[in-house]
Amino acid sequence: MKEEIKKLRTLIRYHRDQKMDNRCWLDDVKLWGEEIHELPVYENMMKRCAAFYKNRKTSVGPICIAYSTAAGLENSDIDLDNMLDIEIEDTYKNLLNAIQKHKNIFSRERTWQDDEELYNILPEKIKADFRLPSEEDFLGEGKAPYAGCPSFWRSHEMCTQEHDIHMWGPCHHIP
6 MKEEIKKLRT LIRYHRDQKM DNRCWLDDVK LWGEEIHELP VYENMMKRCA AFYKNRKTSV
66 GPICIAYSTA AGLENSDIDL DNMLDIEIED TYKNLLNAIQ KHKNIFSRER TWQDDEELYN
126 ILPEKIKADF RLPSEEDFLG EGKAPYAGCP SFWRSHEMCT QEHDIHMWGP CHHIP
């Protein structure tokens with residue numbers, strides 16, 4: 006069960022450690038263990054991008070941003086070594102519940118505060134950077150074709166196999 010806890014914590018840390026234009030609603034999909042192989046309609050993708058931009062950003066980041074690997078936190082799961090079996094079980098259940106709570110927000114838009122609540126389950130309590138690029142750079146063509154939601158989605162137009170939407174396209178089979 007310790008290995009499963011480490012896997013769940015790694016997923017949450019990955020979600021937390023994304024910054025600027027690497028932050029995306031697709032990080033939620035990865036965290037929740039969902040797969041998208043077929044691209045949704047462009048307008049629907051952009052609606053999700055716009056909602057993410059509106060609700061998941063702040064204009065001020067933490068004074069000091071530490072990332073799991075850069076901060077020397079590769080041993081941040083050392084707390085598991087001293088836990089009793091019941092504590093291990095509780096930790097595992099709490100992680101699953103935190104991810105489910107983050108996923109099961111249906112009555113309103115998900116916000117950066119929901120993300121922050123999720124990250125607080127981690128033992129290291131590192132603050133995330135919720136800043137995003139300008140609206141033109143994130144949702145528009147400000148840095149096209151190298152950044153921005155429209156450029157990202159266009160990069161998948163010529164894919165020749167299932168889409169890996171966690172990477173820029175085009176997706177194609179490499180022998």
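If you're matching positions, the sequence shown starts at 6 in my numbering and goes up one per residue.
Even for Gly, the Cβ is constructed at its ideal location relative to N, Cα and C.
Keep in mind that this is a model prediction, so the values were computed, not measured.
> From Pro128 to Leu16, what distance separates their C-alpha atoms?
Replying inline: Translated into positions along the sequence shown, residue 128 becomes position 123. Translated into positions along the sequence shown, residue 16 becomes position 11. The straight-line gap from Cα to Cα measures roughly 14 Å.
>> Suppose contacts are defined by Cβ-Cβ distances below 9 Å. Is Lys32 in contact with Lys148 by that definition?
In response: As a working note, residue 32 is residue 27 in the sequence shown. As a working note, residue 148 is residue 143 in the sequence shown. According to the sequence displayed, residue 32 carries Asp and not Lys. No.
> Candidates His161, Ala152, Asn109 and Tyr97: which alpha carbon is nearest Ser34's?
Replying inline: The sequence position of residue 34 within the sequence shown is 29, counting from 1. Per the sequence shown, the amino acid found at residue 34 is Val instead of Ser. Looking at the Cα atoms, Asn109 is the closest of the given residues.
>> Beta-carbon within less than 8 Å of Ile10's beta-carbon, same chain only, minus the 5 sequence neighbours each way: which residues are those?
In response: Here residue 10 corresponds to residue number 5 of the sequence shown, with the count starting at 1. Correct list, in chain order: Asp82, Leu85, Ile93, Thr96, Tyr97 and Leu100.
>> Taking only three categories from DSSP, how would you classify Ala152?
In response: Here residue 152 is taken as the residue at index 147 of the sequence shown, counted from 1. Ala152 falls in the coil class under three-state DSSP.
> Relative to the C-alpha of Lys62, which residue among Trp30, Asn87 and Glu48 is closest?
Replying inline: Start at 1 with the first residue of the sequence shown, and residue 62 comes out as number 57. Ranking Trp30, Asn87 and Glu48 by Cα distance to Lys62 puts Trp30 first.
>> Using C-beta distances below 6 Å, list every residue in its chain close to Leu36, excluding the 5 sequence neighbours before and after it, in chain order.
In response: Mapped onto the sequence shown, residue 36 falls at position 31. Result list for Leu36: Leu16 and His20, in chain order.
> In the structure shown, what three-state DSSP assignment does Phe143 receive?
Replying inline: Within the sequence shown, numbered from 1, the residue matching residue 143 stands at position 138. Phe143 falls in the helix class under three-state DSSP.
> Going by beta carbon distance, what residues of the same chain come within less than 6 Å of Phe111, once the five residues before and after it are set aside?
Replying inline: Your numbering for residue 111 matches position 106 in the sequence shown. Here the set comprises nothing.
>> Give me, in chain order, the residues of the same chain whose beta-carbon lies closer than 7 Å to that of Ala56; leave out the 5 immediate sequence neighbours on both sides.
In response: Position 51 of the sequence shown, counted from the first residue, corresponds to residue 56. Here the set comprises Glu114.
> Secondary structure at Met172, three-state DSSP: helix, strand or coil?
Replying inline: Counted from its first residue, the sequence shown places residue 172 at position 167. Met172: coil per DSSP, three-state reduction.
> Under the three-state reduction of DSSP, which class applies to Cys164: helix, strand or coil?
Replying inline: Counted from its first residue, the sequence shown places residue 164 at position 159. Residue state, collapsed to three classes: coil.
> Should Ala75 be labelled buried (16 or more other beta-carbon atoms within 10 Å of its own) or exposed?
Replying inline: Looking up residue 75 in the sequence shown gives position 70. Low confidence applies to Ala75: its pLDDT is 45, below 50, so where it sits in the model is not reliable, and the reading given next is rough at best. Exposed, since its Cβ has fewer than 16 Cβ neighbours within 10 Å.
>> On the DSSP letters alone, give me the boundaries of the alpha helix (DSSP H) that Glu92 sits inside.
In response: Sequence index remark: in the sequence shown, residue 92 carries index 87 (1-based). Segment Asp90 to Lys108, the alpha helix (DSSP H) holding Glu92.
> Taking the C-alpha atoms as reference points, what is the distance between Arg22 and Asp134?
Replying inline: Working through the sequence shown from its first residue, we reach residue 22 at position 17. Working through the sequence shown from its first residue, we reach residue 134 at position 129. According to the sequence displayed, residue 22 carries Asp and not Arg. The alpha-carbon atoms of Asp22 and Asp134 are separated by roughly 8 Å.
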